[in-house]
Amino acid sequence: MSYKVTLIPGDGIGREVSLAAKRCIDATGVKITWEEQIAGEEAIAKYGAVLPVKVIDSIRKNKVAIKGPIMTPVGKGFKSVNVQLRKALDLYACLRPCKLMKGVKTRYTNIDLVVVRENTEDLYAGIEFSQGLKRTEDVMKNIEDLSGIAIKKDSAIGIKPISISASKRIVKFAFDYAVKNKRRKVTAVHKANIMKETDGLFLKCAREVSEEYKGRIEFEDRIVDNMCMQLVQKPELYDVLVLPNLYGDILSDLCAGLIGGLGIAPGGNIGDNMALFEAVHGSAPKYAGLNKVNPTAMILSGVLMLRYLGEENAADRLEKAVCEIIAEGKCVTYDLKKDRNDPSAVGTSQMADAIIKRLNS
Ligand code: NAD
């Protein structure tokens, strides 16, 4: 069996970690033809568009993609390419497994969590109105008329849509994942005590969907602030977490921190018939071009991709090789050393070399 996969290298540290992941995936022996596409700043320079149509077309055609991180300007400039891709392709489920690996320094001994984040709506929907514009004033006036609540005149506005359809399908995704992967419990995370309509609707949908899995998968819910504390204090109590978009984004990084940092946290954005895999981390611009950062998160995103393709054996072998190299602690990047200044730390490509060598041994 051979596959065509769209590869978007990304920017900052993106090219380095994507190349490492591509080499490791190729080393499993699975036959992949890579179709490279560029997006982000590099695409603006070359094609005059941050997300050229041909990138979307390539993913639609190949159905599977892997992507390095892409920078998003803060507070100005173009909208996140990452968010645009997830929305354009309706990759509604963001899957982020967080499992503690032997050899990684953390405060914990036993963590095996899966974060399932809704990817298409919530405050991430991109419905924002700039401060000072006439149309923002109009929106504020309408809101005031309808709700009776006055908004300060010097405000910017963001809208938080939460729908029944998107909430039900993400919770169903979480339960189906739990069933397929023999997990025991799904926890829905929300702030429905305060956001009674939006988060309240998400929770209502989660409760309804959970009924279909009664007796097979346990269900509970947690308020997001309490969830953060619980995850820090007793993460071993939790299993699969399902969250609206923004809480999912924040808790993904929290969970990555629990298992040793962003350098080892993989992810996938999954829709009904296509998927795009990427690390949880961003483009870490200060490390760009230094051959320094950890390629594990991208390589493990590749493992998720191989599983999505049905290449379980290759995925198991690659995951095992990564785990062994990390457990040995010799050929690993600075962030996996006890002392981050340890001179024996290897570079991004050397860690990938060690994983490939182990895979083939
Ligand atoms: P970041 O994840 O890029 O980096 C934060 C810190 O985490 C780094 O300084 C570094 O210490 C550590 N880190 C990240 N990746 C690592 C790795 N592979 N190995 C070792 N350490 C690693 O977060 P940021 O600095 O907030 O964001 C930088 C840019 O990335 C922003 O423009 C942001 O919008 C973008 N971003 C993109 C994605 C994506 O493409 N999916 C995700 C998150 C952030």
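So the sequence shown is residues 1142 to 1502, counted in the working numbering.
Think of the CB as a built atom: it goes at the ideal place given N, C-alpha and C, for glycine as much as any other residue.
**OP:** Report whether the distance from the Cβ of T1261 to the nearest heavy atom of the ligand NAD is below 7 angstroms.
**Re:** False, no ligand heavy atom lies under 7 angstroms from that Cβ.
Original post:
Should the region 1350-1359 be regarded as contacting the region 1223-1235, the criterion being three or more beta carbon pairs within less than 8 angstroms?
Top reply: Verdict: no, contact absent.
**OP:** Look at the alpha carbon of A1184 and the alpha carbon of L1192, and state the distance between them as a whole number of angstroms.
**Re:** Each residue's Cα considered, the two are about 7 angstroms apart.
Subject >> CA-to-CA distance, P1385 to V1263, given in whole angstroms >> reply: According to the sequence as given, residue 1263 is Asp; it is not Val. Spanning the two alpha carbons is a distance of roughly 7 angstroms.
Original post:
Using a Cβ-Cβ distance under 8 angstroms, would V1434 count as near chain D?
Top reply: Absent from the structure is chain D; it holds one protein chain and no more.
Original post:
Among Y1249, G1389, A1266, which has the Cα closest to the Cα of V1224?
Top reply: The shortest CA-to-CA distance from V1224 to any of Y1249, G1389, A1266 is the one to A1266.
Subject >> Continuous alpha helix (DSSP H) assignments of at least 4 residues falling wholly in the region 1217-1254 >> reply: 1222-1229, all fully within the region 1217-1254.
**OP:** Given a cut-off of 8 angstroms, decide if V1256 and C1396 are closer than it, judged by their beta-carbon atoms.
**Re:** Yes, the Cβ-Cβ distance between C1396 and V1256 is below 8 angstroms.
Original post:
Regarding G1401 and the ligand GTP, is the C-beta to nearest heavy atom distance less than 7 angstroms?
Top reply: Although the ligand GTP was asked about, the structure shown includes only the ligand NAD as ligands.
Original post:
Is any heavy atom of the ligand NAD found at a distance shorter than 7 angstroms from the C-beta of M1370?
Top reply: It does not: the Cβ of M1370 is nowhere closer than 7 angstroms to a heavy atom of the ligand NAD.
**OP:** Taking 8 angstroms as the threshold, find out whether the region 1415-1428 comes into contact with the region 1270-1278 through three or more Cβ pairs.
**Re:** The count of Cβ pairs closer than 8 angstroms, one atom from the region 1415-1428 and one from the region 1270-1278, stays below three, leaving the stretches out of contact.
Original post:
Closest to V1383 by CA distance: which of R1363, I1290, I1400, I1466 is it?
Top reply: With distances taken between Cα atoms, V1383 lies closest to R1363.
Original post:
With respect to 7 angstroms, is the separation between the Cβ of K1247 and the closest non-hydrogen atom of the ligand NAD below this value?
Top reply: The amino acid at residue 1247 is misidentified as Lys; the sequence shows Thr. No, since every heavy atom of the ligand NAD falls outside the 7 angstroms radius drawn around the Cβ of T1247.
Original post:
Three-state secondary structure (DSSP) at T1174?
Top reply: Correct three-state label for T1174: strand.
Subject >> For R1201, the nearest candidate out of A1416, P1210, T1339 (CA to CA) >> reply: Nearest C-alpha to R1201 among A1416, P1210, T1339: A1416.
Original post:
Beta-carbon separation of V1463 and T1474 under 8 angstroms?
Top reply: Contact: no.
Original post:
Out of curiosity, what's the CA-to-CA distance linking T1339 and C1346?
Top reply: If I take the Cα positions, the gap works out to 11 angstroms.
Original post:
Excluding sequence positions up to five away, which residues of its chain have a Cβ less than 6 angstroms from the Cβ of A1162?
Top reply: The answer, listed in chain order, is M1439, I1440, G1443.
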